[in-house]
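Engineer: Can you read through this structure? Questions will come right after.
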Amino acid sequence: MNTKTELPGRRNFIMNSMAIVGGIAALSGISESVFANNKSSDDDINLIGPKQGYSPQVGTLVSMLTWMRNVVLMSVKGMSQSDLDFLFDDKANTIGAMLLHLNATETLYGIHTFDGKPWGKWEMSVTQKYRAAMNLGPEGRSTIKGNSLDFYLTTLNETREKSLAEFRKRDDAWLLTVDEKWPWGPTNNYCKWFHVCEHESNHNGQIKWLKSRIPGAKAGND
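Each position in the sequence shown, counted from 1, maps to that position plus 28 in the working numbering.
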């Protein structure tokens, strides 16, 4: 049975970012040999660019996703269960819920772009598993709590490893494939996954804001 979920609205950001993505996409005409001596290793997290084991542009995307994920992980390092469950007010989301939201977003974009599933037409089991994390709000506040940091980190890592395995199977032509029916307008897989990256940046700001308001938190510049 299929069911629909609402597409996350990021139109304004994506429209403003198309020039950036388009500029990166222009690299498609450069042969892989040009990148041979510039492939970054897993230890070179601050070197955005092609990575060993991936086609040039896919590797560049992976390097951005990896860098952004590292920033998020630094924000939640050492958090206790009570920190992760901290609720600023009755309309806020917890840090734990936002971590599962990031995981759900990556999972659904993977199902959509890797498996070719139309957005929102998920199997019922998928909808039930990720609905609270995707929608957040009342359901997220009532169901996403009581988990340790290790639980969230393991969940995020398992999904990311699946994504990386899929990226290794794909080339730059796949990354630049355009979806003419996407609600934002013609959109390629690069842009969709760039959205996954900036989505983590957006919620990292919220995570840092909440972190600074946890009772007893040290004053900082977040």
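Idealized CB from N, CA, C, for every residue including glycine.
Just so it is clear, the structure is predicted and the values come from calculations on it, not from any experiment.
Is DSSP giving T187 helix, strand or coil here?
Structural biologist: In the structure shown, T187 sits in a helix (DSSP, three-state: H, G or I).
Engineer: When you compare only the Cα positions, how much space is there between F179 and K246?
Structural biologist: One C-alpha to the other measures close to 25 Å.
Engineer: How about V86 and F195: are their beta carbons less than 7 Å apart?
Structural biologist: For V86 and F195, yes; Cβs fall inside 7 Å.
Engineer: Which residues mark the beginning and the end of the alpha helix (DSSP H) in which T133 is found?
Structural biologist: It spans I123 to D143 - the alpha helix (DSSP H) in which T133 sits, taken as one unbroken run.
Engineer: Check whether chain D comes within 7 Å of R169, counting only Cβ atoms and requiring the distance to be less than that.
Structural biologist: Given the protein chain composition of this structure (a single chain), no chain D is represented.
Engineer: Here's the rule I'm using: 16 or more other beta-carbon atoms within 10 Å means buried, otherwise exposed. How should M107 be labelled?
Structural biologist: With 16 or more other Cβ atoms within 10 Å, it is buried.
Engineer: Quick check on N74: buried or exposed, where buried means 16 or more other Cβ atoms within 10 Å of its Cβ?
Structural biologist: Counting Cβ neighbours within 10 Å, N74 comes out exposed, since fewer than 16 surround it.
Engineer: In the structure shown, what three-state DSSP assignment does N175 receive?
Structural biologist: Coil.
Engineer: Measure the beta-carbon distance from K173 to T133 and round it to whole angstroms, keeping in mind my assumption that it falls under 8 Å.
Structural biologist: Their Cβ separation, rounded to whole angstroms, is 20 Å, which puts K173 and T133 out of contact at 8 Å.
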